[in-house]
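Chains as they are written, first to last, in this note's numbering: chain A, 2 to 258; chain B, 270 to 569.
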Amino acid sequence: MGDLRIAARQLRFEQKAFWRNPAGAVFTFAFPLLFLIIFSTLNSGVRIEERGGITFVTFFVPGILAFGLISACYTNLAIRMTISRDFGILKRVRGTPVPTWAYLGGQVGSSVVITFLLLFLTVGLGVVAFGVDFRTGTVLGLLVTLGLGAACFCALGLAVSGLCPNADAAPAIVNFSIFPLLFVSGIFFPLDNAPGWLTDVAKLFPMQRLADGLQYAFDPRTAGLGFNGGDLLGLLAWTAVGSLLALRLFRWDSLKK
Amino acid sequence: MPAIRVRDLQKSYGPIEAVRGVDFDVEEGEVFGFLGPNGAGKTTIVEILEGYRQRSAGEVTVLGHDPAKGERALRERIGIVLQETGVERFLKVAEVLELYAGYYPHPRPVDELLALTGLESKRNEVVKKLSGGQRRRLDLALGLAGDPELVFLDEPTTGFDPTARREAWEVIRNLRALGKTIFLTTHYMDEAQALADRVAVIAAGRIVAEGAPDHLAGRDTTTEIRFVAPPGAALPDLGTATVTVDGRGVLVRAGDPTPALHTLTGWAMEHGFTLDGLTVARPSLEDVYLALTAEVAADG
């Protein structure tokens, strides 16, 4: 109970610090929202035949949501943790009695808060500006997919921060580890006509699983609650892998000296 | 039971023996000064006591716990002020203190922490905007957030101006008055002299001297006489006192300075010399420290 309060306080102060750093806050939100506006405007009126003629924006909103989640949970968290380690913040924290789970829980919680804010903003913008048909029947599937995706990418983010030698190298390493896969995961454009081997490879990774799971929950043709079992299983497996990697790779002390 | 007990502590990094069998005790309620040149194994030992590093061999107890186990119960009772540790830059001073105090079961109130470290006027300042000295005071405040029984202070006043140093010393004296045990690492001998009840000097991975600053390595049993002799003058026989001549003039070391002084002044009067810059003093802690660490360096 006491530790839960510590985690909650950590989350609250992480959020405070996040919003006080204008550059970080603006870009975390500006990137996905700007992509949403540009791509949806460029493709207004476009329908995707391979997906039963749904509008481009109905396809794109869940994709950009996946992109936003990955930015907040993976990119942002990994870079932030590497900077904290490089600055010696993690070393200082390690010398206090705060339990590891409560400290990291606060960090992860902060990323999850940002993810859910992005959910409201992207879906809101999609509905208001681009007439996305938001389906209430699949909300549960959407939220579960989002929650599992957040857990998965936070775990991977903590793991990859352990691989970054220092804060200067972190943005390059983290972005390089994610961008090629984002493009082949059907986030920015549908890959229904792409070579089969490429989509098969992409399916091995959690980016495709997340995007596909969210698109499934958004797809007007989806019947039921919006749970795509295959994608959820894929994300679950990657959450397990990510957690194990994080346990092995996460470091509190920088390598210099 | 001592607050810290170390017996035959050893630490190797591969083939390099950084710490080669170190023993010492730190008693409850004392300020223990830990001195030594860079690379002598000082940081290694401190970080073993703080639980950041694992020892290779030996026994270490801190407040009755083995720090290598990383127990929460121990970390609740100690405060660590390291060098070069960052703070969340976008939080305000009072917010950082509230956050860290929240990690402890019996924290010291934020207002008290601010008052203790003279940061009251900076409570709503964002950490990023603090000066170097203010940041260091925040480090100190964070180390005291859990109202610890034992505080590790690693070079607490580096980069302070003389006034700020005196203020920091006052804080440390106040902590001692509250009955806290303080493990102080410093490069400033005047700081050790002013604050420490006992000091230990480490060189090349071993403790080479230990004791009260005033008594360290026979400081209290030697007197140094310094002066500049007139050019070409042959010095008189000073008996058992040792005489060395260096760039600063003549240095006479004697257990009892009275006969040597008597001879010297008589000699000067007789020849009509003046003994320029004549001083009679105990060797400073710095003199003793430099001699101790130079010996070890010469032994290789």
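Note that CB positions come from ideal geometry on N, CA and C, so glycine has one too.
1) Do PHE190/A and CYS74/A have their C-beta atoms closer together than 8 Å?
2) Leaving out the 5 sequence neighbours to the left and right, which residues in its chain are closer than 6 Å to TRP239/A when beta-carbon positions are compared?
3) Strictly under 8 Å for the Cβ-Cβ distance: is ILE273/B near chain A by that measure?
4) Quick one: what's GLU278/B bridged to in DSSP?
5) Using DSSP's beta-bridge definition, name the partner residues of THR492/B.
6) I need the DSSP call for LEU504/B, collapsed to helix, strand or coil.
7) Rounded to whole angstroms, how far is the Cβ of ILE174/A from the Cβ of CYS165/A, which I believe are closer than 8 Å?
8) With a 10 Å radius around its C-beta and 16 neighbouring C-beta atoms as the bar for buried, classify ALA503/B as buried or exposed.
9) Starting from ILE39/A, follow the alpha helix (DSSP H) in both directions and report where the run begins and ends.
10) Does the Cβ-Cβ distance between ALA337/B and GLY310/B come in under 8 Å?
11) So that I know if they touch, is there some Cβ in chain A lying closer than 8 Å to that of ILE349/B?
12) On a CA-only basis, which of ALA31/A, ARG81/A, ARG48/A and VAL62/A is nearest ASP169/A? Give me that one, please.
13) Helix, strand or coil: which one does DSSP assign to GLY283/B?
14) Under a Cβ-count criterion, where at least 16 other Cβ atoms within 10 Å of its own Cβ denotes burial, should LYS258/A be classed as buried or exposed?
15) Pick helix, strand or coil for GLY53/A, following the three-state DSSP scheme.
16) Roughly how many angstroms lie between the CA atoms of MET458/B and PRO431/B, to the nearest whole one?
17) With 8 Å set as the bound, which would you pick, yes or no: does the beta-carbon of THR492/B sit closer than that to a beta-carbon of chain A?
18) For PRO500/B, which option in ALA510/B, ARG324/B, ARG488/B and VAL514/B has the closest C-alpha, if you only look at C-alpha atoms?
19) Are the region 121 to 133 of chain A and the region 51 to 68 of chain A in contact at 8 Å, needing three or more beta carbon pairs?
20) Could you give the first and the last residue of the continuous beta strand (DSSP E) run that contains GLU479/B?
21) With a Cβ-Cβ cutoff of 8 Å, do THR454/B and LEU419/B count as a contact?
22) Taking a contact to mean a Cβ-Cβ separation below 8 Å, would you say LEU263/A touches GLY138/A in this structure?
23) Where does ARG48/A sit, in a helix, a strand or coil, going by DSSP?
Based on what the coordinates show:
1) no
2) CYS153 and PRO207
3) no
4) Per the sequence shown, residue 278/B should be read as Leu rather than Glu. Answer is VAL291/B, bridged to LEU278/B.
5) ALA523/B
6) coil
7) 5 Å
8) exposed
9) 23 to 43
10) no
11) yes
12) ARG81/A
13) coil
14) Residue placement at LYS258/A is poorly supported in this model, since its pLDDT is 41, which falls under 50; the coordinates still yield a value, given next. Classification for LYS258/A: exposed.
15) coil
16) 14 Å
17) no
18) VAL514/B
19) yes
20) 475 to 480
21) no
22) Residue 263/A falls outside the range modelled here, since chain A spans only 2 to 258, and no answer is possible.
23) strand
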